[in-house]
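Here the working numbering is used: the first residue of the sequence shown is 67, the next is one more, and so on. Accompanying notes for the structure given below.
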Amino acid sequence: MTPKKTYSRPAATTPTGPAVDVSRFYRLVIESVVDYAIFALDPTGHILTWNVGAERLKGYRASEIIGRHFSTLYEERDVREGKPEWELEQAQRAGRVEDEGWRVRKDGSPFWANVVITALRNEEGTLVGFAKITRDLTARRNAEEQARQLAAEQAAHGTSREYTRQLEELNEQLHQQAAELESQTEEAQALAEEAEQANQQLQDSLTEVEEAREKAQEAERQTRFLVRAGDVLAASLDYATNLRELAHLVVPELADWCSIHTIDASGTIEQPEIAHRDPSKVELARELNV
């Protein structure tokens with residue numbers, strides 16, 4: 067008899083392959099989802115991105131819809147009543163807004179949608195746009211409507227074994243769809259959290275790049291100053307000339323004004339040179355350093 071094999075979870079290891087571009091990986095995940103319409107809006111509600119799920123659900127290709135206002139996807143009545151703008155205001159105020167209602171496909175056909183709009187902010191808290199996730203709940207709504215109609219017919223015509231069986235089937239369908247929707251909601255929440263993490267990582271990377279650039283500029287400026295100072299000191303053997311040139315090199319490269327003092331062999335303090343960013347204030351600086 068062959069012994070039964072046993073298995074265990076692999077131990078955690080440090081990744082040895084190439085570094086994963088989290089932002090690119092997340093975009094790939096979003097673009098591959100087909101059961102959800104997931105897209106981004108700018109702060110005014112104009113569409114910035116469009117995934118495969120959005121094209122499948124709403125009928126628009128990315129080239130047809132990107133740049134248009136997302137109210138294109140609402141019924142005319144809702145547009146007249148300002149519902150799209152109201153949803154953006156609620157999302158901006160509370161962080162997110164969730165709604166169910168009729169939406170319109172490219173061909174004009176309506177579908178019952180669950181919509182979640184989440185406000186996206188940068189690390190300073192400034193609103194940079196919105197993430198919008200839409201699910202098609204038409205099948206669930208139709209099942210609920212059928213259940214209500216069947217219940218009304220049953221009440222009008224009396225109890226029937228066939229009606230009972232149909233209700234049980236519809237009830238089972240509703241339970242299954244509710245379980246699927248719950249699972250999908252958890253997936254959508256996970257996607258939203260990943261989007262937030264990717265956005266934060268991107269902001270951190272941009273901050274690090276900016277800090278590195280500023281440090282490099284400062285190092286370059288200091289190196290340039292030291293090179294010029296060396297050239298000044300090597301240009302003449304007259305120390306007074308050198309000190310005067312150094313003072314004018316320091317201003318305005320490193321300071322608004324510069325005063326150079328020397329002490330001779332007898333201990334006398336001399337002030338051979340003063341430089342100021344504003345030439346009219348040189349004498350004032352000299353008086354303050356007497």
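All C-beta atoms, glycine included, are put in the ideal place defined by N, C-alpha and C.
Label residue 345 either buried or exposed according to how many other C-beta atoms from any shown protein chain fall within 10 Å of its C-beta, with 16 as the threshold for buried.
On the sequence shown, position 279 is the one that residue 345 refers to. So residue 345 ends up on the exposed side.
Excluding five sequence neighbours on each side, which residues of the same chain lie with their C-beta closer than 6 Å to the C-beta of residue 153?
Here residue 153 refers to the residue found at position 87 of the sequence shown. Excluding sequence neighbours, residue 153 sits near 163 and 183.
Here's the rule I'm using: 16 or more other beta-carbon atoms within 10 Å means buried, otherwise exposed. How should residue 202 be labelled?
In the sequence shown, counting from the first residue as 1, residue 202 sits at position 136. That one is buried.
What residue ranges within the stretch 217-262 form continuous beta strand (DSSP E) runs of no fewer than 3 residues, ordered along the chain?
For the stretch 217-262, not a single whole beta strand (DSSP E) run of length 3 or above is found.
With respect to the alpha helix (DSSP H) encompassing residue 195, which residues constitute its N-terminal and C-terminal limits?
For this step, residue 195 is matched to residue 129 along the sequence shown. Per DSSP, residue 195 belongs to no alpha helix (DSSP H); it is in the beta strand (DSSP E), 193-202.
Based on DSSP bridge pairs, tell me the residues matched to residue 104.
Here residue 104 is taken as the residue at index 38 of the sequence shown, counted from 1. Residue 104 pairs with 199.
If the criterion is Cβ atoms closer than 8 Å, does the pair residue 256 and residue 196 meet it?
Along the sequence shown, read from residue 1 onward, the residue named residue 256 stands at position 190. Along the sequence shown, read from residue 1 onward, the residue named residue 196 stands at position 130. Contact flag unset, no.
Skipping 5 residues on each side, what residues in its chain have a beta carbon closer than 7 Å to that of residue 320?
In the sequence shown, the residue the question calls residue 320 occupies position 254. Spatial neighbours of residue 320 in its own chain (CB-CB distance under 7 Å, excluding positions within 5 residues in sequence) are listed in chain order as 291.
Determine the burial state of residue 139: buried for a count of at least 16 other Cβ atoms within 10 Å of its Cβ, exposed for fewer.
Along the sequence shown, one-based indexing puts residue 139 at 73. Classification of residue 139: buried, given that the 10 Å Cβ count is 16 or more.
Bridge partners - residue 166, DSSP secondary structure assignment
Indexing the sequence shown from 1 puts residue 166 at position 100. 180, per the DSSP bridge assignment.
Where does the unbroken alpha helix (DSSP H) through residue 150 begin, and where does it stop?
Position 84 of the sequence shown, counted from the first residue, corresponds to residue 150. Residue range 149-160 is occupied by the alpha helix (DSSP H) that includes residue 150.
Checking the sheet assignment: what are the DSSP bridge partners for residue 186?
Within the sequence shown, numbered from 1, the residue matching residue 186 stands at position 120. Residue 186 pairs with 195.
Would you kindly check if the distance between the Cβ of residue 169 and the Cβ of residue 179 is under 8 Å?
Position 113 of the sequence shown, counted from the first residue, corresponds to residue 179. Position 103 of the sequence shown, counted from the first residue, corresponds to residue 169. For residue 179 and residue 169, yes; Cβs fall inside 8 Å.
Reducing DSSP to helix, strand and coil, say where residue 328 ends up.
Stepping through the sequence shown from its first residue, residue 328 is reached at position 262. Here residue 328 sits in strand by DSSP.
Residue 135 - partner residues in DSSP beta bridges
The residue you call residue 135 lines up with position 69 of the sequence shown. According to DSSP, which records beta bridges pairwise, residue 135 is partnered with 112.
Segment limits, alpha helix (DSSP H) that includes residue 321:
Position 255 of the sequence shown holds residue 321. For residue 321, no alpha helix (DSSP H) segment is defined, and its DSSP state is neither H nor E.
Alpha-carbon spacing of residue 104 relative to residue 278, whole angstroms:
In the sequence shown, the residue the question calls residue 104 occupies position 38. In the sequence shown, the residue the question calls residue 278 occupies position 212. Cα to Cα, the separation comes out at about 35 Å.
Would you kindly work out how many angstroms separate the C-alpha atoms of residue 263 and residue 228, rounded to a whole number?
Indexing the sequence shown from 1 puts residue 263 at position 197. Indexing the sequence shown from 1 puts residue 228 at position 162. Going by C-alpha positions, residue 263 is about 52 Å away from residue 228.
Residues bridged to residue 140 by DSSP?
For this step, residue 140 is matched to residue 74 along the sequence shown. According to DSSP, residue 140 bridges with 169.
The alpha helix (DSSP H) with residue 71 in it runs from where to where?
As a working mapping, residue 71 is identified with position 5 in the sequence shown. In the DSSP assignment, residue 71 falls outside any alpha helix (DSSP H), carrying neither H nor E.
Exposed unless 16 or more other CB atoms sit within 10 angstroms - verdict on residue 127
As a first step, residue 127 is located in the sequence shown; it is residue number 61 there, counting from the start. Exposed, since its Cβ has fewer than 16 Cβ neighbours within 10 Å.
Among 136, 188, 317 and 220, the one whose alpha carbon lies nearest that of residue 271:
Against the sequence shown, residue 271 aligns to sequence position 205. Answer by Cα proximity: 188.
Cβ pair residue 114, residue 106 closer than 8 Å:
Against the sequence shown, residue 114 aligns to sequence position 48. Against the sequence shown, residue 106 aligns to sequence position 40. Yes.
At a threshold of 7 Å, does residue 311 count as lining the ligand GDP (C-beta to nearest heavy atom)?
With respect to small molecules bound, the structure shown includes none, and the ligand GDP cannot be examined in it.
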